[in-house]
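These notes concern the structure reproduced below.
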Amino acid sequence: MFRAADRWFAGYLKSLLRRPRWRQGQRHLMVCFANHFEPFRGGADRDTALCRTRAWTAGLERACGKAADADGRLPVQTFFYPAEEYDPEALEMLAGVCRKGLGETEVHLHHRNDNPSKLARTLARFRDILAQRHGALGSDRSGRARFGFVHGNWALCNSRPDHDWCGVNEELAVLAESGCYADFTFPSAPSPTQPRMVNVIYRARDIPGRPRGHDTGRVVRAGTGRIEEPGELMIAPGPLFLDWGRRKFGILPRLDNSGIEPANPLTARRVKMAAEVGIRVIGMDNWIFVKFHLHGCVDSVASGFLAGWGPAALAEVARIFNDGEI
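Okay, so the sequence shown: first residue is 228 according to our numbering, each after it adds one.
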């Protein structure tokens, strides 16, 4: 019925039991757009890559202009830029958007047949480029640059069955030691890379000698005073849910993995369903997190989000959810 259901369906059922029981009072909805921003996608030349980047830097403010939240802030794109596609001019364009308050830049990486020491060097080099050359990363209280991460091909912690597109079982520890504060790769279902923990923010650690350390972890809870232990990495997924309003063959519900694409664009209805999943820090039931992901350098996605269905959908989301209730 659903591909790779053995990876995620039990976790999905557990997540239904964790959904919050809404109480009276104001609720806050935090929406993240994780933009897997790959300007050289499909073997594009540099002129095409810069044109794709320019489309976002020129069009983002116009697309979001009627979607201010309750604090007056416009929606923000989080640009996860691939380390292996570094281009100074493209990154500086994105950094300019970020300085206007319309975006953030984080780390994306596609790699294969890798090893821990090489991965650590790759992450450190790109982290320092983003922080020092472009001023694109935040820092912690000690002044150390920190970054969010999305793994290319969904293969975090060597999670593909064939172990391609990674190669590093110890990836969680390498990321944490390199300054990563959280991974934002998932959900990836129906890919078999999907973790067994679904719709929950948690901390995971590597399993010595084995892949998929993020299949299990410690659920993040408010008020415990606990922070990451050495080698732990926070996993912050987007919603994964069954959409009974969009059925296959008129019978089976479709699986929504929070991906934005022309066949399943952003809508206020999807945002509402994603919010009802109730991803949160346990104990803070009035703060709900929704993460959508998109591949912003797919031309049909960019044109749709920036000038097609995107502006109207963003404005409708702002209108519906800025009601003092959720």
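No residue lacks a Cβ here, since even glycine has one placed at the ideal position from N, Cα and C.
Here the structure is a predicted model, which is why all the values come from computation and not from measurement.
ask   = Which of the three DSSP states, helix, strand or coil, is assigned to residue 239?
value = When DSSP states are grouped into helix, strand and coil, residue 239 belongs to the helix group.
request  = Indicate the three-state DSSP secondary structure (helix, strand or coil) for residue 285 in the structure shown.
outcome  = In the three-state reduction of the DSSP assignment, residue 285 falls in the helix class, which pools H, G and I.
inquiry  = What does the alpha-carbon distance come out to for the pair residue 364 and residue 477?
reply    = Straight-line Cα distance between these residues: approximately 46 Å.
task = Could you check the C-alpha separation between residue 555 and residue 248 for me, to the nearest Å?
result = It is not possible to answer for residue 555, since the shown part of the chain is limited to 228 through 553.
request  = Note the first and the last residue of the continuous beta strand (DSSP E) segment covering residue 519.
outcome  = Per DSSP, residue 519 belongs to the beta strand (DSSP E) from 514-521.
ask   = Per DSSP, which one or two residues make a beta bridge with residue 378?
value = Beta-bridge pairing links residue 378 to 336.
task = Look at the alpha carbon of residue 245 and the alpha carbon of residue 429, and state the distance between them as a whole number of angstroms.
result = Across the structure, residue 245 and residue 429 are spaced so that their CA atoms are roughly 13 Å apart.
request  = Within 10 angstroms of the Cβ of residue 320, are there 16 or more other Cβ atoms? Answer buried if so, exposed if not.
outcome  = Result: buried.
ask   = Counting Cβ pairs closer than 8 Å, one from the stretch 325-335 and one from the stretch 292-310, do we hit at least three?
value = Output reads yes: the stretch 292-310 touches the stretch 325-335.
ask   = If we count the other Cβ atoms within 10 Å of its Cβ and call it buried at 16 or more, is residue 235 buried or exposed?
value = Result: buried.
query = With distances taken between CB atoms, is the gap from residue 524 to residue 266 smaller than 7 Å?
reply = Note that the C-beta distance between residue 524 and residue 266 is below 7 Å.
query = For residue 460 versus residue 512, is the C-beta spacing smaller than 7 Å?
reply = Contact: no.
message = Going by DSSP in three states, residue 293 sits in which element: helix, strand or coil?
response = In the structure shown, residue 293 sits in coil (DSSP, three-state: anything other than H, G, I, E or B).
key: Three-way DSSP call (helix, strand, coil) for residue 343 in this model   = Residue 343 carries a helical assignment under DSSP once its states are collapsed to helix, strand and coil.
ask   = What is the DSSP secondary structure of residue 410, counted as helix, strand or coil?
value = Residue 410 carries a strand assignment under DSSP once its states are collapsed to helix, strand and coil.
key: Where the alpha helix (DSSP H) containing residue 499 begins and where it ends   = Start and end: 495-504.
ask   = Secondary structure at residue 468, three-state DSSP: helix, strand or coil?
value = Here residue 468 sits in strand by DSSP.
ask   = Looking only at its own chain, which residues have a Cβ that is under 6 Å from the Cβ of residue 401, when we skip the five neighbours before and after it?
value = Around residue 401: 343, 346 and 347.
request  = Could you tell me which residues DSSP pairs with residue 304 in its beta bridges?
outcome  = Paired residue(s): 260 and 330.
ask   = residue 364 by DSSP, collapsed to three states: which one?
value = Three-state DSSP puts residue 364 in coil, outside helix and strand.
query = By the 10 Å Cβ neighbour count, where 16 or more other Cβ atoms means buried, how is residue 518 classified, buried or exposed?
reply = Per the 10 Å Cβ criterion, buried.
query = Buried or exposed: residue 384, going by 16 or more other Cβ atoms within 10 Å of its Cβ?
reply = The residue is buried, with at least 16 neighbouring Cβ atoms inside 10 Å.
key: First through last residue of the alpha helix (DSSP H) which encompasses residue 547   = Segment 536-548, the alpha helix (DSSP H) holding residue 547.
inquiry  = Taking the beta strand (DSSP E) that residue 431 belongs to, which residues open and close that run?
reply    = Counting along the chain, the beta strand (DSSP E) containing residue 431 begins and ends at 429-431.
inquiry  = Whether or not the stretch 448-457 and the stretch 258-265 are in contact is what I'm after, with contact meaning three or more pairs of Cβ atoms, one per stretch, closer than 8 Å; do they touch?
reply    = The stretch 258-265 makes no contact with the stretch 448-457; the number of CB pairs closer than 8 Å stays below 3.
inquiry  = So, at 7 Å on beta carbons, what are the nonlocal neighbours of residue 502 in its own chain, with the 5 sequence-adjacent residues on each side left out?
reply    = Only 256, 515, 517 and 553 meet the Cβ criterion.
ask   = Whose CA, out of 397, 442 and 412, lies closest to the CA of residue 436?
value = With distances taken between Cα atoms, residue 436 lies closest to 397.
request  = Determine the DSSP secondary structure at residue 424, reduced to helix, strand or coil.
outcome  = DSSP, reduced to helix, strand and coil, places residue 424 outside both helices and strands of the structure shown, so it counts as coil.
request  = Would you mind giving the Cβ-Cβ distance between residue 544 and residue 495, rounded to the nearest angstrom? I have them listed as a contact below 8 Å.
outcome  = Residue 544 to residue 495, Cβ: 5 Å. Contact.
request  = Identify, in the order they occur along the chain, each residue of the same chain with its Cβ nearer than 8 Å to the Cβ of residue 526, setting aside the five sequence neighbours on each side.
outcome  = Around residue 526: 279.
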